[in-house]
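Asks: Residue numbers for the sequence shown follow this note's numbering, so the first one is 32 and each next one is one higher.
No residue lacks a Cβ here, since even glycine has one placed at the ideal position from N, Cα and C.
All figures in this text were calculated on a predicted structure; none of them were measured in a lab.
Below is one structure. I have some questions about it.
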Amino acid sequence: ERAANLMAASRSLTRFWDWGRKIICVGRNYAEHAKELNNTVPTEPVLFLKPSSAYVREGTPVLIPYYSSNLHHEVELGVVIGKSGKAISRTAAMDHVAGYVLCLDMTARDIQDECKKKGLPWTLAKAFDTSCPISDFIPKEKIPDPHNINIWLKVNDRVRQEGNTSSMLFPIPDLISYISKIIALEEGDLILTGTPKGVAAVQENDEIEAGIDGILSMNFTVKRQSH
């Protein structure tokens, strides 16, 4: 019984990043962001993955990968899965949500552009260590309507991104339903729901601050990865 209790304690959803197994990201889920990168607006969600080693928490820097010279910020609402499921219906989808987290999808844009030209996967652009900075866990009841919150990001105190989640092309229940038909969702998984417009580069020693109005904010310093 003690072992079971320890296991439960070690798998607290408030620290899902310590044990959650995957990060599923949705690209181009805000029309204005799709347009700013000259992408067509998708008719179904664009998915890619990050490994759990991408997580980084406040107090640890975000690293520009040694192979990139154009690291971009993308601020996103993250959805933390609290109940496993496959082929989840849209109507039941929110029952699988434990809470939320503010996330940055750090993207090596120069590498992504090369990958797109060559028709290659985006792994090097999106999945490197520290590519998924996250805030503290936000219990579901703190955000009664996740489709009407303002998310924002500043670099060195200048506002770069501001958007409302009401602009999502595919709302959270649609994403959960769509993803879970392809990839089983497990407790502790994280879904990144896309970024509003305003993505841009960060440089070494920049200070990134991001927040959800009325809920929380977080800060990260940018450093360069040594080989």
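Starting from Lys81, trace the alpha helix (DSSP H) in both directions and tell me its first and last residue.
Replies: Residue numbering aside, residue 81 sits at position 50 when the sequence shown is read from its first letter. Lys81 -> not in any alpha helix (DSSP H); beta strand (DSSP E) instead, spanning 77–81.
Asks: Can you tell me whether DSSP reads Ala118 as helix, strand or coil?
Replies: Here residue 118 is taken as the residue at index 87 of the sequence shown, counted from 1. If DSSP states are grouped into helix, strand and coil, Ala118 belongs with coil.
Asks: Going straight from the alpha carbon of Ser120 to that of Leu206, what length do you get?
Replies: Position 89 of the sequence shown, counted from the start, is the residue given in the question as residue 120. Position 175 of the sequence shown, counted from the start, is the residue given in the question as residue 206. Between Ser120 and Leu206, the C-alpha separation is close to 10 Å.
Asks: For a quick check, are the C-beta atoms of Gly109 and His127 less than 9 Å apart?
Replies: Here residue 109 refers to the residue found at position 78 when the sequence shown is read from its first residue. Here residue 127 refers to the residue found at position 96 when the sequence shown is read from its first residue. Not a contact, by the Cβ cut-off of 9 Å.
Asks: Work out the CA separation of Lys81 and His104 for me, nearest whole Å.
Replies: Sequence index remark: in the sequence shown, residue 104 carries index 73 (1-based). Sequence index remark: in the sequence shown, residue 81 carries index 50 (1-based). Taking the straight line joining both Cα atoms gives about 15 Å.
Asks: Under the three-state reduction of DSSP, which class applies to Met125: helix, strand or coil?
Replies: Working through the sequence shown from its first residue, we reach residue 125 at position 94. In this structure, Met125 counts as helix in the three-state DSSP scheme.
Asks: Under the DSSP definition of a beta bridge, which residues are partnered with His103?
Replies: Position 72 of the sequence shown, counted from the first residue, corresponds to residue 103. Answer is Thr138, Ala232.
Asks: Figure out for me which residue from Leu102, Ser162, Lys212, Ala124 has the closest Cα to the Cα of Asp141.
Replies: The residue labelled residue 141 in the question sits at position 110 within the sequence shown. The shortest C-alpha separation from Asp141 is found at Leu102.
Asks: Grab the span of the beta strand (DSSP E) containing Leu206 for me, first residue to last.
Replies: For this step, residue 206 is matched to residue 175 along the sequence shown. Taken as a continuous stretch (DSSP letters only), Leu206 belongs to no beta strand (DSSP E), being part of the alpha helix (DSSP H) at 203–213.
Asks: Here's the rule I'm using: 16 or more other beta-carbon atoms within 10 Å means buried, otherwise exposed. How should Asn60 be labelled?
Replies: Along the sequence shown, read from residue 1 onward, the residue named residue 60 stands at position 29. Classification for Asn60: buried.
Asks: Helix, strand or coil for Thr224? Go by DSSP, reduced to three states.
Replies: The residue you call residue 224 lines up with position 193 of the sequence shown. DSSP places Thr224 in coil when its eight states are reduced to three.
Asks: For Ala118, which residues of its own chain have a beta-carbon under 7 Å away from its beta-carbon, when the five flanking residues on both sides are left out?
Replies: In the sequence shown, the residue the question calls residue 118 occupies position 87. Cβ neighbours of Ala118 beyond the five flanking positions: Ser211, Lys212.
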